[in-house]
Amino acid sequence: MTSSPFSLPSLLLCASLMGGCDAGQTTTPTSETSRLPTDDLQTVEGRSTVGCFPSPQESSVLSLINQQRAAGASCGGVAKVPVPPLSMNGTLVCAARAHAQDMATNGYLGYISLDGQTPLRRVTSRGYTPLSYMEENIAAGYISAEAVVSAWMANPRDCNNIMSPAHTHVGVGNAIVPGSTYNYWVQDFGRP
């Protein structure tokens, strides 16, 4: 878990709320502004909805962690060789964003949600079934994708999650709600 380097008063931030989620497909963005294909649009009660598209901030996190994966890294002093890029998975985006919103709404930072759900339970309840296991990184207080990725890379556990060759998918969630103290971030990693 990564904690905030900022004082409480300096962290009153202004950002838009993230949209609702439903199961999405997997795609590998080619740039920070890439979107999931249009065939991932769902129709609900006669209206077209977009489920779990990453926001620009969330897409930036993917771009930055894939740059780290391509370059290799040192996690807690242990060298990590370059590994293939991760693909953004819409279902994992939903789970990550919902957890980020829950933490922002309820003012806590934790892997276990206040209703007792674990990261694995959150992703499987949305329809993602990891092959063997999944991991989660969380953070609060970082105002940009660059700042949160830098903090995660400086934390050995979070860095190992980012650099793990066992992961093929990631979902990134970012949220701040009116009245929340921090900007909350979640990364859910998996392999179907």
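In case it helps, mature numbering (1 follows the signal peptide of the UniProt record, and there is no 0) puts the sequence shown at residues -23 to -1, 1 to 169. The beta carbon of each residue, even a glycine, is placed where N, CA and C say it ideally should be.
At a Cβ-Cβ threshold of 7 Å, Gly148 and Ala56 do not count as neighbours. Glu123 counts as exposed, since fewer than 16 other C-beta atoms from the protein chains shown sit within 10 angstroms of its C-beta. In the pairwise beta carbon analysis, the region 130 to 140 is classified as touching the region 37 to 55: at least three pairs are separated by under 8 Å. A direct Cα-Cα distance of roughly 9 Å separates Gly167 from Glu113. Going by beta carbons, His144 and Leu69 fall outside the 7 Å limit. Put simply, the backbone Cα of Thr106 is about 6 Å away from that of Pro169. DSSP places Asp165 in the uninterrupted beta strand (DSSP E) bounded by 161 to 167. In this structure, the beta-carbon distance from Pro96 to Tyr88 falls below 7 Å.
The criterion of a C-beta distance shorter than 7 Å is satisfied by Ala77 and Asn151.
In the three-state reduction of the DSSP assignment, Val154 falls in the coil class, being assigned neither a helical nor a strand state. Residue ranges of uninterrupted alpha helix (DSSP H) with 4 or more members, entirely inside the region 26 to 72 and ordered along the chain, are 33 to 48. Comparing alpha carbon positions, the residue from Pro33, Ser32, Gln44 closest to Ser127 is Gln44.
Taking Ala116 as the centre and dropping the five residues before and after it, the same chain places the C-beta of Thr(-22), Val125, Ala128, Trp129, Trp162 closer than 7 Å to its C-beta, in chain order. Comparing alpha-carbon positions, the option among Gln94, Glu35, Pro142 lying closest to Ile120 turns out to be Glu35. In the DSSP assignment, Asn114 falls outside any alpha helix (DSSP H) and within the unbroken beta strand (DSSP E) covering 112 to 117. By a beta-carbon distance limit of 8 Å, Pro142 does not contact Val38. Their separation comes to about 19 Å. Here the alpha carbon of Cys29 sits roughly 9 Å from the alpha carbon of Asn66. The three-state secondary structure of His146, taken from DSSP, is strand.
Straight-line measurement puts the Cα of Gly54 at about 33 Å from the Cα of Thr101.
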